[in-house]
Amino acid sequence: MLDEEAGDYGDVLQLSKEELMSKAFQSDEAAYEFYRRFGKCFGFGIQKGDSRKDESEMVIRRRFFCNRAGLRQRYHYDRLDRQRGHRPKMRTNFDTKLSVYLDVVSRIWRVRKIVLDHNHDLTPIYMVHMMTNFREISCSVKTQISGMQAHGVPTSKILEYMAGQAGGYSLMGFTKKDAYNYIQWCTR
1 MLDEEAGDYG DVLQLSKEEL MSKAFQSDEA AYEFYRRFGK CFGFGIQKGD SRKDESEMVI
61 RRRFFCNRAG LRQRYHYDRL DRQRGHRPKM RTNFDTKLSV YLDVVSRIWR VRKIVLDHNH
121 DLTPIYMVHM MTNFREISCS VKTQISGMQA HGVPTSKILE YMAGQAGGYS LMGFTKKDAY
181 NYIQWCTR
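Here's what the structure looks like:
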């Protein structure tokens with residue numbers, strides 16, 4: 001069973017571990033998009049992990065992890081020249097992952113290993129859209145922001161307008177900081 005594109009996965013909530021192990025993908029990016037959607041449905045973020053290359057420098061294995069996997073490196077805590085306080089500890093040192101490999105004969109990416117257990121609370125489904133992995137400003141909203149900015153509307157008023165359209169700041173799909181960053185990026 002080969003999945004053609006990221007939007008062709010059906011209902012990921014109903015998939016068993018055996019069905020996940022039998023998944024096949026056209027590329028490692030398609031596998032990433034699948035796991036990203038899987039994580040969004042269950043309430044955890046995704047990060048790309050390590051990969052392995054063969055002799056011809058072609059990627060043959062890729063791993064994707066829960067964004068809370070592993071631990072923060074020790075030197076971040078030991079720095080004496082630190083000007084800001086430490087960020088809260090988010091890593092839980094658990095190995096939730098999806099590992100895929102390239103079947104060199106068929107040129108298809110297959111699932112090698114999947115670990116589904118988490119040792120932390122998952123994000124409630126009504127808040128998942130605000131996780132870093134899933135926040136984004138759509139093209140239409142970017143166009144609206146750019147147009148209003150070009151006509152001299154202050155950024156705070158643009159955000160008030162966007163929040164009014166969406167039904168509140170929490171329903172915009174992006175944070176105020178995302179909007180300010182986008183506007184600053186446009187003015188460079």
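Under UniProt numbering, the first residue of the sequence shown carries the number 1, and numbering increases by one thereafter. From the three backbone atoms N, C-alpha and C, an ideal C-beta is built for every residue, glycine too. This one's a predicted model, so the numbers in the text were calculated from it and none came from an experiment.
How long is the line joining the alpha carbons of residue i and residue j, rounded to whole angstroms?
i: ASP11; j: LEU122; result: 19 Å
i: LEU116; j: THR96; result: 6 Å
i: ARG63; j: GLU57; result: 17 Å
i: PHE25; j: ALA166; result: 35 Å
i: TYR126; j: ASP178; result: 19 Å
i: GLN83; j: GLU55; result: 44 Å
i: ASN119; j: THR132; result: 20 Å
i: CYS145; j: GLY168; result: The question names Cys, yet the displayed sequence has Ile at residue 145. Approximately 17 Å between the Cα atoms of the pair.
i: VAL141; j: ASN67; result: 27 Å
i: LYS53; j: VAL100; result: 13 Å
i: ARG79; j: ASN181; result: 28 Å
i: LYS23; j: GLY152; result: 51 Å
i: VAL128; j: ARG188; result: 31 Å
Taking residue i as the reference, which of the options has the closest Cα?
i: TYR18; options: ASN181, LYS113, GLY152 and HIS120; result: Correcting the residue identity first, residue 18 is Glu in this sequence and not Tyr. With distances taken between Cα atoms, GLU18 lies closest to LYS113.
i: MET21; options: TRP109, ILE46 and LEU80; result: TRP109
i: ALA30; options: THR175, VAL141 and VAL111; result: VAL111
i: ASP103; options: VAL59, ASN119, SER138 and ARG74; result: VAL59
i: ILE46; options: GLU55, ARG36, ARG52 and ASP54; result: ARG36
i: CYS186; options: GLN149, PHE42, TYR161 and LYS176; result: GLN149
i: MET27; options: HIS120, GLY164, PHE42 and SER106; result: Inspection of the sequence shows that residue 27 is occupied by Ser rather than by Met. For SER27, the nearest C-alpha among the options comes from SER106.
i: PHE38; options: ARG52, HIS118 and LEU15; result: LEU15
i: GLU33; options: GLU55, PHE65 and ASP54; result: PHE65
i: ILE137; options: LEU159, HIS151 and VAL153; result: LEU159
i: LEU98; options: GLY85, ALA69 and MET130; result: ALA69
i: LYS157; options: LYS176, SER170 and ARG74; result: LYS176
Where does residue i sit, in a helix, a strand or coil, going by DSSP?
i: LYS113; result: strand
i: ASP121; result: coil
i: GLY39; result: helix
i: ASP178; result: helix
i: ALA24; result: strand
i: ILE137; result: coil
i: GLY49; result: strand
i: ASP8; result: Its pLDDT being 47, under 50, ASP8 is placed unreliably by the model, and nothing is read from it.
i: PHE44; result: coil
i: PHE161; result: Per the sequence shown, the amino acid found at residue 161 is Tyr instead of Phe. Here TYR161 sits in helix by DSSP.
i: residue 189; result: Outside the shown range of the chain, which is 1 to 188, sits residue 189, and nothing can be said about it.
i: VAL128; result: helix
i: LEU171; result: helix
i: MET1; result: The pLDDT assigned to MET1 is 48, lower than 50, so where the model puts this residue is not dependable, and the model offers no usable value.
So residue i packs on residue j, CB below 8 Å; how close in whole Å?
i: THR143; j: ILE183; result: That pair is no contact at about 13 Å.
i: LYS40; j: PHE174; result: So it is not a contact: roughly 15 Å between Cβ atoms.
i: PRO124; j: GLY43; result: 7 Å
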